[in-house]
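A.B. asks: Structure incoming, see below.
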């Protein structure tokens, strides 16, 4: 049972909620085919299937199947409701369940769980003690749960602990005795044009005239410039990695900061060395920008928008040319090649470098194969033996101070690559930003990354920068209401429809302010003690999409803690990905 508690805790953290139907009958198939859309699964030694074998209703039921004859633990499926929808109310979950012939189980049934923001689980109910009837037959079971007012997360789903097969189907959700109705509860706007929350929010709005990077005037950015002032680092985020309007708006803000606030350095969420190579183009104009982006290797930046960004830097007015660099450690090959080039004449050290490279290649391959990959001790032994030798060789090489710092950081990038896992990557991103600013007189810097890196909470890069720089770091988030964006699934770039915001999201309220685009200086709200400010801080969700469209695009966020400013555009269109023939220069 302790394992089941851990599993459910994991699921409540990873489970999202979509504004569309809850898919309670499992008819809508998810992207991988083995789960219904909007549902999540966890559990070793089990698999899931959307089965057409004798469903209780419709065309499909969801089956959990043990994949070993012994040593099975628990598996769970789950989805989530916004707490604001059901807080203070009674929910009832009713559904059908079927155990296959010859199945054996200790735990089988539905569950509902409510968690507090900081105190963990505060309400829980299940059907485990309700009999399932004859094997092979469908049985109806149900549970009820009162959701406390202080609920932060509400998750429900099914659990199977045993061997064989357990199927779920025909779920129904009732809220205070009324059947759940997405149209009644969420899709229909609860707001009126005179809603006091809208009037309260309007006082903080700074209208924006354009998202175009080359928009000729900057008067609408005056409040943004005043908020940045003389601060040293500005993080520009993005709510997805594929929105044309957000990319061009970020380009516009970069140009403004470079021309009016003396920001000289542009730091990309990309590998340091190939990103740094862009500077050769900025100086000479002789390279191919698409091929430089190919070498950087991150598909979100292989777009027309980023080409325009770099072209804008090349032709930027003024005597001080921008400096372009990257901060990521996920690619070690360029750092290794630089070290090989410097120490390749030392036969013993070269042999160590070759052995190190072989282990790094294996680490990279295995990480791609499985997210839970742990580096074997025999690989770490090589890393821990060779790294000190490299550092010693650098110290003994009688190099200039600049060359010493650069070579030492190449070693550091390899250390970061080996160590980076999950949230640690953000700490290393911040470390590299600070190194970039210190290694030469690079001055003020703009950092171009995802919202989830620039924000100042959750151990992200922005939090590390805020701790080291204090108020000298400005975190800027970006949002849109609807439209389309580009994502990549299994390497294929696609245009997808954005999930429409619902009343429990910031974007829903931003979209109702009758301003097509604007920005908020969230620090202006710091002294606001009205109930509306409390609502804004604690009760809304924010779009969080990476490189792949999830089934639920929104998650809980306190914008006033996470960001200093938010830029909003009403509609997004997909980023313009460069064709493969352009990237490789054979069109």
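Residue numbers (our numbering): -16 to 570.
C-beta atoms are modelled at their ideal positions from N, C-alpha and C, and glycine is treated no differently.
(1) By DSSP's criteria, residue 456 is part of a beta bridge. Which residues make up the other side?
(2) Consult DSSP for residue 490 and reduce its assignment to one of helix, strand or coil.
(3) Apply the 10 Å Cβ neighbour rule to residue 195 and answer buried if 16 or more other Cβ atoms are within range, or exposed otherwise.
(4) Would you kindly check if the distance between the Cβ of residue 557 and the Cβ of residue 478 is under 8 Å?
(5) Do you know offhand how far residue 130's Cα is from residue 65's?
(6) Between residue 365 and residue 357, what straight-line distance do the alpha-carbon atoms span, to the nearest angstrom?
(7) If distances are taken between C-alpha atoms only, which option among 213, 198, 257, 255 comes closest to residue 234?
(8) Contact check, residue 530 vs residue 224 under 8 Å by CB: the rounded distance?
(9) Grouping DSSP H, G and I as helix and E and B as strand, with all else coil, what is residue 407?
(10) Roughly how many angstroms lie between the CA atoms of residue 417 and residue 536, to the nearest whole one?
(11) How big is the Cα-Cα spacing for residue 238 and residue 359?
(12) With the cut-off set at 8 Å, would you say residue 118 and residue 79 are in Cβ contact?
(13) Taking only three categories from DSSP, how would you classify residue 115?
(14) Is the beta carbon of residue 489 closer than 8 Å to that of residue 462?
(15) Would you mind listing the alpha helix (DSSP H) stretches within the segment 0 to 63 that are 4+ residues and don't spill past its ends, in chain order?
(16) Using a 10 Å radius around the Cβ and a threshold of 16 neighbouring Cβ atoms, would you call residue 86 buried or exposed?
(17) Is any beta-carbon of chain D found at less than 8 Å from that of residue 302?
(18) On a Cα-Cα basis, can you pick out the residue from 283, 272, 137 that is closest to residue 158?
(19) Could you check if residue 243 is buried or exposed, using at least 16 other CB atoms within 10 Å of its CB as the buried criterion?
(20) Relative to the alpha-carbon of residue 311, which residue among 374, 395, 298, 381 has its alpha-carbon at the smallest distance?
(21) Residues in its own chain within less than 6 Å of residue 121 by CB, not counting five upstream and five downstream?
(22) Buried or exposed: where does residue 423 fall if 16 or more other Cβ atoms within 10 Å of its Cβ makes it buried?
(23) Please name the residue or residues paired with residue 477 in a DSSP beta bridge.
(24) Between which two residues does the beta strand (DSSP E) containing residue 189 stretch?
(25) Which residues does DSSP pair with residue 513 in a beta bridge?
(26) Where do the N-terminal and C-terminal ends of the alpha helix (DSSP H) with residue 90 fall, by residue?
(27) Specify, as a first and last residue, the run of the alpha helix (DSSP H) that residue 121 falls within.
(28) Can you pull the DSSP bridge partners for residue 78?
(29) Report the option in 331, 210, 297 whose CA atom is closest to the CA atom of residue 267.
(30) May I have the straight-line CA-CA distance separating residue 265 from residue 207, to the nearest angstrom?
(31) Along the alpha helix (DSSP H) that carries residue 106, what are the first and last residues, could you check?
(32) Quick check: the Cα distance between residue 465 and residue 487, rounded to an integer number of angstroms?
(33) What separation, rounded to the nearest whole angstrom, lies between the Cα atoms of residue 132 and residue 71?
(34) I believe residue 49 touches residue 29 by the beta-carbon criterion, under 8 Å. Please report the beta-carbon distance rounded to the nearest angstrom.
(35) Assign residue 135 to one of three DSSP states: helix, strand, or coil.
(36) Opposite residue 431 in the DSSP bridges: which residues?
C.D. replies: Judging by the given coordinates:
(1) 216
(2) helix
(3) exposed
(4) yes
(5) 12 Å
(6) 15 Å
(7) 198
(8) 5 Å
(9) helix
(10) 32 Å
(11) 46 Å
(12) no
(13) coil
(14) yes
(15) none
(16) buried
(17) Here chain D cannot be found, since the structure has a single protein chain.
(18) 137
(19) exposed
(20) 395
(21) 39, 79, 81
(22) exposed
(23) 470
(24) 188 to 190
(25) Paired residues: none, contrary to the question.
(26) Premise fails: residue 90 lies in the beta strand (DSSP E), 87 to 99, not in any alpha helix (DSSP H).
(27) Here residue 121 belongs to no alpha helix (DSSP H), and DSSP marks it neither H nor E.
(28) 124
(29) 297
(30) 27 Å
(31) Counting along the chain, residue 106 falls outside any alpha helix (DSSP H), though it belongs to the beta strand (DSSP E) covering 103 to 109.
(32) 15 Å
(33) 5 Å
(34) 6 Å
(35) coil
(36) 219, 251
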